[in-house]
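Participant: Chains as they are written, first to last, in our numbering: chain A, 1082 to 1639; chain B, 6 to 277. By construction, the Cβ of each residue, glycine as well, lies at the ideal position given by its N, Cα and C atoms. For clarity, every value in this text was computed on a predicted model and none was experimentally measured.
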Amino acid sequence: MTVRLRIRGGEVYDPANGVEGDVRDVLVEDGRIVADLPAGVPELDARGLVVFPGGVDLHCHIAGSKVTLARRLSPERARAEGLPAPELEGGTGRAGTGGVVPSSFATGYLYAGLGYTAAIDAAIAPLGARQAHAELADVPLLDSGFLALLGNNALLLSLLEAGERERFVEAAGWILEAAGALGMKAVNPGGVAAWKAGASNVAGLDDPIGGTAITPRVVVTALADAAADLRLPHPLHLHCNNLGMPGNAATTLATMQALEGRRAHFAHLQFHSYGGEPGGLPVSAAPAISEYVNGHENLSFDVGQVMFGPATVMTADEPAGYLLHRLTGRKWVNLDIEVETGCGVLPFEYRDRNRVHAVQWAVGLELFLLARDPWRVVLSTDHPNGGSFRAYPRLIRLLMDRAFRDEELRRLPEGALAGSALADGLEREYTLSEISIVTRAAPARLAGLTRKGHLGPGADADLALYPKGGDAEAMFSAPRYVIKGGTVVLEEGQLRRSVQGVTLRSSPLYDPGAAGRLRPAFESRYSIRMDNYPVAAEMMRGEGRVGGDTPSGGSEPA
Amino acid sequence: MITLTGRAEAHGVSGEGLLPESFAAAAESEVARTRLRFGAETAELGDLFHVRTAPGAGEPELRIEPGGVRLHGLGTGMTRGRIVVAGNAGDRLGAAMVGGEILVEGSCGDCTGGEMTGGFIRVHGDAGARAGGALAGGPRGMAGGVILVHGSVGDEAGAAMRRGLVAIGGSAAARAGFHAIAGTVLVLGGVGEAPAMATKRGSLVVFGEARLLPTFRYACEYEPTFLRLLLRYLSGPLAFAVPERFARGRFRRFAGDFSQLGKGEILLWTDA
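#1: So, is the C-beta of B/Gly143 closer than 8 Å to a C-beta in chain A?
#2: Using a cut-off of 9 Å between C-beta atoms, extract the partners of A/Gly1163 located in chain B.
#3: Check whether the Cβ atoms of A/Ile1114 and A/Ala1542 sit closer than 8 Å, and answer yes or no.
#4: Please report the straight-line C-alpha distance between A/Leu1237 and A/Leu1450, rounded to a whole angstrom.
#5: Quick one: what does DSSP say A/Gln1575 is sitting in, helix, strand or coil?
#6: In the DSSP assignment, find the unbroken alpha helix (DSSP H) run with A/Val1394 in it and report its ends.
#7: Alpha carbons only, please: which of A/Gly1261, A/Ser1185, A/Gly1179 and A/Leu1223 is nearest the one belonging to A/Ala1206?
#8: Can you give me the C-alpha to C-alpha distance between A/Ala1274 and A/Val1299, rounded to a whole angstrom?
#9: Sorted by chain position, which residues of the same chain lie with C-beta nearer than 8 Å to A/Ala1229's C-beta, five sequence neighbours on each side aside?
#10: Could you tell me which residues DSSP puts in a beta bridge with B/His55?
#11: Apart from the five residues just before and just after B/Gly143, which ones in its own chain have a Cβ nearer than 6 Å to its Cβ?
#12: Measuring only the C-alpha atoms, how far is B/Gly182 from A/Val1268?
#13: Scan the region 1605 to 1624 of chain A for residues whose Cβ lies nearer than 7 Å to a Cβ of chain B and list them as they occur along the chain.
#14: Assuming A/Pro1391 contacts A/Asp1138 (C-beta within less than 8 Å), just tell me the rounded distance between them.
#15: Note down, in chain order, each residue of its chain lying with its Cβ closer than 6 Å to the Cβ of B/Glu198, except the 5 sequence neighbours on either side.
#16: Report yes if the CB atom of B/Gly104 is closer than 8 Å to the CB atom of B/Gly124, and no otherwise.
#17: Confirm, please, whether the CB-CB distance from A/Phe1382 to A/Arg1457 is below 8 Å.
#18: Could you check the C-alpha separation between B/Arg253 and B/Leu193 for me, to the nearest Å?
#19: Could you check what DSSP says for A/Val1182 in three-state terms: helix, strand or coil?
#20: Three-state secondary structure (DSSP) at B/His155?
#21: According to DSSP, is A/Ile1370 part of a helix, a strand, or is it coil?
#22: Are B/Phe221 and B/Asp262 touching if we call contact CB-CB under 8 Å?
#23: Below 8 Å between beta carbons: does that hold for A/Ala1235 and A/Arg1606?
#24: With DSSP as the reference, identify every bridge partner of A/Pro1428, one or two as the case may be.
#25: Contact check, A/Arg1105 vs A/Val1122 under 8 Å by CB: the rounded distance?
#26: Determine the contact status of A/Ala1443 and A/Leu1503, defining contact as a CB-CB distance below 8 Å.
#27: Do you know how far the Cα of A/Ala1215 is from the Cα of A/Gly1163?
#28: For the putative contact between B/Arg257 and B/Leu273, defined by C-beta atoms under 8 Å, what is the C-beta separation to the nearest angstrom?
#29: To the nearest angstrom, report how far apart B/Ser208 and B/Val154 are at their CA atoms.
#30: Consult DSSP for A/Glu1619 and reduce its assignment to one of helix, strand or coil.
#31: With a threshold of 6 Å on Cβ separation, who are the neighbours of A/Gly1291 within its own chain once the five nearest residues in sequence on each side are excluded?
#32: At a cut of 8 Å, does the region 10 to 27 of chain B reach the region 75 to 91 of chain B through at least three beta carbon pairs?
#33: Do you know offhand how far A/Arg1618's Cα is from A/Arg1526's?
#34: Name the residue from A/Val1182, A/Tyr1373, A/Leu1446 and A/Arg1089 whose alpha carbon lies nearest to the alpha carbon of A/Arg1690.
#35: Cβ closer than 8 Å: which chain B residues qualify as neighbours of A/Pro1183?
#36: Taking CB distances under 8 Å as the criterion, tell me whether A/Pro1221 reaches chain B.
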């Protein structure tokens, strides 16, 4: 049966189609936006409401072993916020726990409760892809996918060391297809491998990795090339070396320069934009980073904003996790994922009276406010590393409301704004259109999600309708309606229906013969047989192929 | 005073938020409309209990006749007043309580007085594991207050406790005083395996059988004055039955746990 809906008279913000606050109707048919509808179809009165496309979180952590570990590590946080099952049309939903790392069903409900309808987990070890798909299937209301961790994969590094670039690319493509990933991620490229081999880390872009002749520079450029060669919808998603270290902006800038025009998306750039001396206190280097990014269209980034309050560090950057554990004495879990990567998890708290945390908070805001092109900026807290996604409304208010921002600035300890552009009084306030870009249009476009982030004909009918007026935090905390795939899931602020999203995955372009060539190396390095490695298509929800019709390697990896 | 009388068979009901001070001036109908978490959903208090209110002077009091309703987390965060449970209570009774008094005429579940910082809990029956201990995932257990269990307790009584007193009339199961940072666990009966395992500081006083870990070292035999005073306080003002002969004996002191800081102690009563 054809399902139609006319969303009448809302103030529409659809910057991808040049619509900035026009009062107009949005038409929905069978889960998509359409240009025309016959008269007499059901209507939703959106007068007085602001109409956005559904939110797209390009960088969060909501599935996989690290999330499970975080929940097990901090039962006290889960206990503090029990979430009763919502009463839904046709039955009761699922109860869960909230806190910084909500349980799976609760994650979907809470995201939808903010108007988000798609999310990408930014770090899944391909070996854990099966679990991640299963877990994402239990996160309702979101179309979701993940980025596969490739930057410390021993098999790939060995191919690079042997100078076999073509086999490196096809192996990366095969792994992505086998895992059902949307794109590729490199975390502290080479640094994790070095740490696992007994070194403390790599110190910079040209440090040899674990006694090999290759360096992070080689890994970064090879992966950036591979993303292009494989025709991935999203470029290399890069977590640079030296995360969180004072003075790491030099490494970040060197990495940007090393790309020499290749496309790359810099993850949680805030954590990589510090001046100062190693071992000392960090200061802001956001102006220098912003200047470089502003001048190079091949680069995009998500901010990874720190929000004061509880957070959970969960990172494939094992040495960084270990360092934080040593610094804070907090409980910590380390997970070694054999030849692929690792993972460190520890509960954390950002405090506004802590100078280091205050610097981090300020650096994030600077990156937002100094960015000239919002289409290359993505709003994120690196959930839950910088804070929960549930803090997005507050972050939006910080961007839209200078008076509120200045009030918050006054709470920071003296000296925290040294070197910061905020100290000079950044006046910029984001507009609703810019918020729509950094929370919807830009992340969708950067991820290659052509049917998301906009409201043009053919787009997925994912929308969030917010009441206008009041402060931005209140507005974005409580959408009046949320529509997912044409179904009104949230009405008058109450979750009424739950629908299943689809798996967002790419179609990497590689030679179908790659599997056979990869087999000997795979069988000699992995603890599981190659035939058991690919995740079966039945494990994935619906059909959310992005950037192509079918993988050139076949619909099922061989 | 408010009296709640169970009218249903219901397990897995969260009693968090059921505090005497919350209902000090509330009408019966208002109390009955309070929503409690019940398994995956919520239920109105009035669906589970008959509610009666009676005017009273002094500190607010909540009396619960649970019947078939098992309430978990009752008295969580309590600051003042009194809760009387005329029957059994569930897990986390008085968790993180700050002040006030809880009396249980029957037994209760795990984590009684977990992470409490003040107040008084008396359980006439038995208590489950981790009485006065850290709640799951918590870094430390009780940091103040008194827990009296007239019966026996489960594993890890006083786990990671920081301050305060847990007195047990019967026996304690394994690892009593586990990972304690300070405070006192006093057991009139025997203790199970690995008593005071990984304790840093604090005292575990045992009047019955105990088999110690090799990481505890004999120090001396003596008559600690603080124990004589403590026993007198327990049997007098706190009406906690302490056999008279316990007041006469001496104590062998074992220092440990030397796998940790080694500043804790186990005091074993001896009928000298």
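Facilitator: Result, derived from the coordinates:
#1: Here residue 143 of chain B refers to the residue found at position 138 when the second sequence is read from its first residue. Chain A, which has a Cβ nearer than 8 Å to the Cβ of B/Gly143, makes this yes.
#2: Translated into the one-based positions of the first sequence, residue 1163 of chain A becomes position 82. Going along chain B in sequence order, the residues near A/Gly1163 (Cβ under 9 Å) are Ser19, Glu21 and Arg42.
#3: What you label residue 1114 of chain A is simply residue 33 of the first sequence in a count that begins at 1. What you label residue 1542 of chain A is simply residue 461 of the first sequence in a count that begins at 1. Yes, these two residues count as a Cβ contact at 8 Å.
#4: Translated into positions along the first sequence, residue 1237 of chain A becomes position 156. Translated into positions along the first sequence, residue 1450 of chain A becomes position 369. So the two alpha carbons sit approximately 38 Å from each other.
#5: For this step, residue 1575 of chain A is matched to residue 494 along the first sequence. Strand.
#6: Position 313 of the first sequence holds residue 1394 of chain A. Note, A/Val1394: premise wrong, no alpha helix (DSSP H); beta strand (DSSP E) at Gly1390 to Thr1396.
#7: To locate residue 1206 of chain A, count along the first sequence from 1; it is residue 125. The shortest C-alpha separation from A/Ala1206 is found at A/Gly1261.
#8: Taking the first residue of the first sequence as 1, we reach residue 1274 of chain A at position 193. Taking the first residue of the first sequence as 1, we reach residue 1299 of chain A at position 218. Whole-angstrom Cα-Cα distance: 14 Å.
#9: As a position in the first sequence, residue 1229 of chain A is number 148, starting the count at 1. Cβ within range, chain order: Ile1205, Ala1206, Pro1207, Ala1210, Ile1256, Leu1257, Ala1260, Ala1262, Gly1264, Met1265 and Lys1266.
#10: Numbered from 1 along the second sequence, position 50 holds the residue referred to as residue 55 of chain B. Bridge partners of B/His55: B/Thr10.
#11: In the second sequence, counting from the first residue as 1, residue 143 of chain B sits at position 138. Closer than 6 Å at the Cβ level, and outside the excluded window around B/Gly143, lie Glu120.
#12: For the purposes of this step, residue 182 of chain B is identified with residue 177 of the second sequence, where counting begins at 1. For the purposes of this step, residue 1268 of chain A is identified with residue 187 of the first sequence, where counting begins at 1. The straight-line gap from Cα to Cα measures roughly 43 Å.
#13: none
#14: Within the first sequence, the letter at position 310 stands for residue 1391 of chain A. Within the first sequence, the letter at position 57 stands for residue 1138 of chain A. Incorrect: roughly 19 Å between the Cβ atoms, too far for contact.
#15: By one-based count along the second sequence, residue 198 of chain B stands at place 193. For B/Glu198, where only same-chain residues beyond five positions count, the Cβ hits under 6 Å are Ala179.
#16: Translated into positions along the second sequence, residue 104 of chain B becomes position 99. Translated into positions along the second sequence, residue 124 of chain B becomes position 119. A contact, by the Cβ cut-off of 8 Å.
#17: Residue mapping note: residue 1457 of chain A aligns to position 376 of the first sequence, counting from 1. Residue mapping note: residue 1382 of chain A aligns to position 301 of the first sequence, counting from 1. Their beta carbons are under 8 Å apart, which means A/Arg1457 touches A/Phe1382 by this criterion.
#18: Residue 253 of chain B sits at position 248 when you count from the first residue of the second sequence. Residue 193 of chain B sits at position 188 when you count from the first residue of the second sequence. Those two C-alpha atoms are separated by around 14 Å.
#19: Taking the first sequence and counting its residues from 1, the one referred to as residue 1182 of chain A is at position 101. If DSSP states are grouped into helix, strand and coil, A/Val1182 belongs with coil.
#20: Looking up residue 155 of chain B in the second sequence gives position 150. Three-state result, B/His155: coil.
#21: The sequence position of residue 1370 of chain A within the first sequence is 289, counting from 1. Helix.
#22: The residue given as residue 221 of chain B occupies position 216 in the second sequence. The residue given as residue 262 of chain B occupies position 257 in the second sequence. Yes, Cβ-Cβ distance for B/Phe221 and B/Asp262 is below 8 Å.
#23: Counting from 1 along the first sequence, the entry for residue 1235 of chain A is found at position 154. Counting from 1 along the first sequence, the entry for residue 1606 of chain A is found at position 525. The answer is yes: Cβ separation under 8 Å.
#24: Taking the first sequence and counting its residues from 1, the one referred to as residue 1428 of chain A is at position 347. A/Thr1393.
#25: As a working mapping, residue 1105 of chain A is identified with position 24 in the first sequence. As a working mapping, residue 1122 of chain A is identified with position 41 in the first sequence. At roughly 16 Å, the Cβ-Cβ gap does not stay under 8 Å, so A/Arg1105 and A/Val1122 are not in contact.
#26: As a first step, residue 1443 of chain A is located in the first sequence; it is residue number 362 there, counting from the start. As a first step, residue 1503 of chain A is located in the first sequence; it is residue number 422 there, counting from the start. Cβ distance < 8 Å, so A/Ala1443 and A/Leu1503 count as in contact.
#27: To locate residue 1163 of chain A, count along the first sequence from 1; it is residue 82. To locate residue 1215 of chain A, count along the first sequence from 1; it is residue 134. Between A/Gly1163 and A/Ala1215, the C-alpha separation is close to 23 Å.
#28: Residue mapping note: residue 257 of chain B aligns to position 252 of the second sequence, counting from 1. Residue mapping note: residue 273 of chain B aligns to position 268 of the second sequence, counting from 1. Indeed, because the Cβ distance is near 5 Å, the residues count as touching under 8 Å.
#29: Taking the second sequence and counting its residues from 1, the one referred to as residue 208 of chain B is at position 203. Taking the second sequence and counting its residues from 1, the one referred to as residue 154 of chain B is at position 149. Roughly 17 Å separates the two Cα atoms.
#30: Reading the first sequence from its first residue, position 538 is the one you call residue 1619 of chain A. Helix at A/Glu1619.
#31: Position 210 of the first sequence, counted from the first residue, corresponds to residue 1291 of chain A. Counting only Cβ-Cβ distances below 6 Å, and skipping sequence neighbours, we find Ala1274, Ala1275 and Ala1278.
#32: yes
#33: For the purposes of this step, residue 1618 of chain A is taken as the residue at position 537 of the first sequence. For the purposes of this step, residue 1526 of chain A is taken as the residue at position 445 of the first sequence. The amino acid at residue 1618 of chain A is misidentified as Arg; the sequence shows Ala. Going by the C-alpha atoms only, they are around 25 Å apart.
#34: Given that chain A is displayed from residue 1082 to residue 1639, the structure contains no residue 1690 of chain A and the question cannot be resolved.
#35: Taking the first residue of the first sequence as position 1, residue 1183 of chain A is located at position 102. Per Cβ cutoff of 8 Å: no residues; A/Pro1183 is ~15 Å from chain B at best.
#36: Indexing the first sequence from 1 puts residue 1221 of chain A at position 140. Closer than 8 Å: no.
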